[in-house]
Amino acid sequence: MEENDAEILLFPNSFDQAETFTLSEVSFFLLKKGSDSKMLDYVTRFDKIKNIDNVKVLRILLDGLQLHKFETVQMINFLPNSSEECLILIPSLKNRFKDDKTELNNLIKTVRLL
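Here is the structure:
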């Protein structure tokens, strides 16, 4: 039996090749497709970044920090306000930023600017 624990980035093997999408990207895809569905209603309600180009910039920024694809998407979806909030919502980042919250706070400020 396979163990799964997002807190330590341990996912089922089937996730290895899976793509991750932000709510903004899903909203963009559904709107482009002309979809009128409950899923579109959901993603547009919780989608915090309306400009798809900003999502692309954020992905590049976060990829440069070598975050896990799960962490990148969650950071963009949640847009946390503080390092404390970020570490509660994305606990896998605790080990990476355990000694220096300044780096994480600077990252959060940069992400929120977009």
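The UniProt record's numbering puts the first residue of the sequence shown at 1, with every later residue one more than the last.
No residue lacks a Cβ here, since even glycine has one placed at the ideal position from N, Cα and C.
Bear in mind that the values here come from a model prediction, so they are computed numbers and not experimental data.
Evaluate P12 with the Cβ neighbour count: other Cβ atoms within 10 Å of its Cβ, from every protein chain shown; 16 or more gives buried, anything less gives exposed. exposed
Environment of T102 [buried if 16+ CB atoms lie within 10 Å]: exposed
Any idea what DSSP makes of D47, helix, strand or coil? coil
Determine the burial state of F28: buried for a count of at least 16 other Cβ atoms within 10 Å of its Cβ, exposed for fewer. buried
Drop a sphere of 10 angstroms on the beta-carbon of Q66, count the other beta-carbons inside from all chains shown, and report buried for 16 or more, exposed for fewer. exposed
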